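Heads up, the sequence shown is in our numbering, so the first residue is 55 and it goes up one at a time.
Glycine included, every Cβ here is placed at the ideal spot set by N, Cα and C.
These figures come from a predicted structure and were not determined experimentally.
Notes follow once the structure below has been shown.
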Amino acid sequence: MATFRFVFISILMLSSGWAAQNFLTVSVCPRDQNSWTLESDRKKCQGDTPDYLCAAIENQVGNFGEICTKFGLTPANKCAVLNEQTHNLDSVDCKAPSGCPSQPYIPSVLWQYQICYEDFYGTTTSLAPTPTQDITSATTNSGNKTLWDGLEDSGSGTGVGVFVAMVIILFIVAVVMVVFFVRNQFGFKDNVQQRITNLRKRFDHGDDNSAIAENGEAQSTQVPLLEEGK
Numbered sequence: 055m056a057t058f059r060f061v062f063i064s065i066l067m068l069s070s071g072w073a074a075q076n077f078l079t080v081s082v083c084p085r086d087q088n089s090w091t092l093e094s095d096r097k098k099c100q101g102d103t104p105d106y107l108c109a110a111i112e113n114q115v116g117n118f119g120e121i122c123t124k125f126g127l128t129p130a131n132k133c134a135v136l137n138e139q140t141h142n143l144d145s146v147d148c149k150a151p152s153g154c155p156s157q158p159y160i161p162s163v164l165w166q167y168q169i170c171y172e173d174f175y176g177t178t179t180s181l182a183p184t185p186t187q188d189i190t191s192a193t194t195n196s197g198n199k200t201l202w203d204g205l206e207d208s209g210s211g212t213g214v215g216v217f218v219a220m221v222i223i224l225f226i227v228a229v230v231m232v233v234f235f236v237r238n239q240f241g242f243k244d245n246v247q248q249r250i251t252n253l254r255k256r257f258d259h260g261d262d263n264s265a266i267a268e269n270g271e272a273q274s275t276q277v278p279l280l281e282e283g284k
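Now the structure itself:
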């Protein structure tokens, strides 16, 4: 039984080697019948793998390779590729919006389906508008009409927020000052009372000076009158 398994695995490995005979990485594949024929003649595939194939490497957009293989039919709506691991002939679903093979084909005419050399996995953005794009466009158009209104609302909200913050700060400062005054923290109460006393003295002194100034003016007015009476 063990011998049978060994032989079976060996056959699979040999088959894979034949299928991917003479694998070579290339920068580009033939784009027409003449170029395909020239490359096929150059490759000189023969024996158990008589067919020349140049195809994209699976899941590696922009990477290509050529092998000698044995063709079969590739199903419709699939692209013939080189397996990413073994480089054998394989096929994957073509999800491009257009250009996919519409009927089964022999990989020797793969050049007719240039989409199979591009990103046919459906990962590129389609040119056709999507519902998301339509919604975005509608939102943008409506946003142009109400942009100024939105800015005004935003400005009003910011102004209210600043006003509320200032009121809260002033309230906190007032509370702290009251607490300091009542508890006489850091001599705050004494300092305040001293300042009030100094202000009162200044006002009282200012009243005295005003009275003295008025008396002086009255006396200076009386002196000329006395002189005229003489």
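Item                                                                                                                                                                              : Value
Would L136 and E112 be called neighbours here (beta carbons separated by less than 9 Å)?                                                                                          : yes
Would you call T251 buried or exposed, if buried means 16 or more other Cβ atoms sit within 10 Å of its Cβ?                                                                       : exposed
Going by CA-CA distance only, name the one from G101, E120, T103 and Q100 that's closest to A109.                                                                                 : E120
To the nearest angstrom, report how far apart A219 and K149 are at their CA atoms.                                                                                                : 58 Å
Give me the Cα-Cα distance between T79 and Q87, rounded to the nearest whole angstrom.                                                                                            : 20 Å
If you draw a straight line from the alpha carbon of F234 to that of N245, how long is it in whole angstroms?                                                                     : 11 Å
Rounded to whole angstroms, what's the CA-CA distance from P151 to N131? Just pull it up for me.                                                                                  : 11 Å
For D105, which option in G126, R85 and V216 has the closest C-alpha, if you only look at C-alpha atoms?                                                                          : G126
Identify whether Y171 lies in helix, strand or coil by the three-state DSSP scheme.                                                                                               : helix
For L92 and Y175, I'd like the C-alpha separation in whole angstroms.                                                                                                             : 29 Å
Please confirm whether Q168 and Y159 have their CB atoms less than 9 Å apart.                                                                                                     : no
What separation, rounded to the nearest whole angstrom, lies between the Cα atoms of V221 and R256?                                                                               : 33 Å
Write down the C-beta distance between C154 and V146 rounded to the nearest angstrom, noting that I regard them as a contact closer than 8 Å.                                     : Incorrect: roughly 11 Å between the Cβ atoms, too far for contact.
Hey, how far is the Cα of C170 from the Cα of C99?                                                                                                                                : 23 Å
Taking the beta strand (DSSP E) that N76 falls in, what are its first and last residues?                                                                                          : Q75 to V80
Find out if the Cβ-Cβ distance for the pair T128, N142 is shorter than 9 Å.                                                                                                       : no
Which residue marks the beginning of the alpha helix (DSSP H) containing E120, and which one marks its end?                                                                       : First-last for E120: F118 to T123, but that is the beta strand (DSSP E), not the alpha helix (DSSP H).
Quick one: is L107 buried, meaning 16 or more other Cβ sit within 10 Å of its Cβ, or exposed?                                                                                     : buried
Would you please verify whether the beta carbon of K132 is less than 9 Å from any beta carbon of chain B?                                                                         : As a matter of chain content, chain B is missing from the structure shown, which is built from one protein chain.
Within its chain, find whatever has a CB closer than 8 Å to the CB of F242; leave out the 5 residues flanking it on each side and keep chain order.                               : M231, F234 and F235
Could you name the residues of the same chain whose beta carbon sits closer than 8 Å to that of S81, not counting the 5 residues immediately before and after it, in chain order? : F118
State the Cα-Cα distance for the pair F217 and I226, rounded to the nearest angstrom.                                                                                             : 14 Å
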